[in-house]
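Per full-length UniProt numbering, the sequence shown starts with residue 1, numbered consecutively.
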Amino acid sequence: MHYVTPDLCDAYPDLVEVVEPLFSNLGGRGSFGGEIVTIKCFEDNSLVKEEVEKPGEGKVMVVDAGGSFRCAMLGDMLAEKAVQNGWEGVIMYGCIRDVDVIADLDLGVQALGTHPKKSEKKGVGEYQVAVSFGGVTFVPGDYVYADNNGIIVSPEPLAMPQD
1 MHYVTPDLCD
11 AYPDLVEVVE
21 PLFSNLGGRG
31 SFGGEIVTIK
41 CFEDNSLVKE
51 EVEKPGEGKV
61 MVVDAGGSFR
71 CAMLGDMLAE
81 KAVQNGWEGV
91 IMYGCIRDVD
101 VIADLDLGVQ
111 ALGTHPKKSE
121 KKGVGEYQVA
131 VSFGGVTFVP
141 GDYVYADNNG
151 IIVSPEPLAM
161 PQD
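Structure, rendered in structure tokens:
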């Protein structure tokens with residue numbers, strides 16, 4: 001589905017919260033949205049690797065990587081696995097790598113930036129906890145929508161308004 005966040009903001013002004021404009025749209029999908037699944041981790045993408053192995057239809061992985069600019073928390077292999085398992089997208093409060101490959105995948109990806117170094121793999125992190133960044137709290141089971149205009153969250157699913 002194609003989402004336009006300004007139209008969603010106009011149609012649902014009392015429901016949506018807008019994330020501060022910190023992110024770049026780096027994936028192959030110009031827009032994406034779905035139910036929030038959260039991971040909180042810092043410079044260790046072990047839980048991201050575990051999560052992309054699971055079915056992700058209708059879901060967006062929101063990763064609070066602490067805003068780190070010291071390594072990448074998502075690369076081409078994990079992004080390809082996310083596509084294979086039907087994930088709608090990934091919002092990375094941190095960096096990704098292999099951006100040329102990820103830009104060609106049918107996956108929405110927004111991140112703070114890029115970094116060529118991979119992360120550690122120590123199995124450290126939290127799954128399905130509320131995470132806050134960009135002035136918004138992302139709650140598992142709520143909904144997130146993203147496009148080139150920005151990222152918005154809602155406690156319930158939103159339908160694109162009809163013209």
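C-beta: ideal position from N, C-alpha, C; glycine also.
Here Arg70 is exposed: its Cβ has fewer than 16 other Cβ atoms, across all protein chains shown, within 10 Å. As computed with DSSP, Cys9 is found in no beta bridge at all. Beyond the five residues adjoining it in sequence on each side, Val19 comes within less than 6 Å, by CB distance, of Gly134, Val136, Ile151 in the same chain, given in chain order.
The residues Gly27, Arg29, Phe32, Gly33, Gly34, Val60, Met61, Leu107, Gly108, Val109, Gln110, Ala146, in chain order, have a CB closer than 8 Å to that of Gly89 in the same chain once the five nearest residues on each side in sequence are set aside.
Look at the region 75-138 and you find these whole runs of alpha helix (DSSP H), each 4 residues long or longer: 76-84, 99-102. Taking Asp98 as reference, the option from Asp76, Leu105, Val4 with the minimal CA-CA separation is Asp76. The criterion of a C-beta distance shorter than 7 Å is not satisfied by Val129 and Lys49. With distances taken between CA atoms, Ser154 lies nearest to Cys9 out of Glu53, Ser119, Cys9.
Exclusion of the five residues before and after Pro157 leaves Tyr143 as the residues of its chain whose Cβ lies within less than 6 Å of its Cβ. Of the other Cβ atoms in all chains shown, fewer than 16 fall within 10 Å of the Cβ of Val124; this residue is therefore exposed. Residue state for Ser24 is assigned as strand, using DSSP reduced to three classes. In the structure shown, the three-state DSSP call for Val153 is strand. Taking C-beta atoms as the reference points, Leu105 and Val83 count as a pair closer than 7 Å. With a cutoff of 7 Å on beta-carbon distance, Glu43 and Ser68 are scored as near each other. Distance from the CA of Pro161 to the CA of Val4, rounded to the nearest whole angstrom, comes to 10 Å. For a cut-off of 8 Å, the C-beta gap from Pro140 to Val37 is around 6 Å, short enough to register as a contact.
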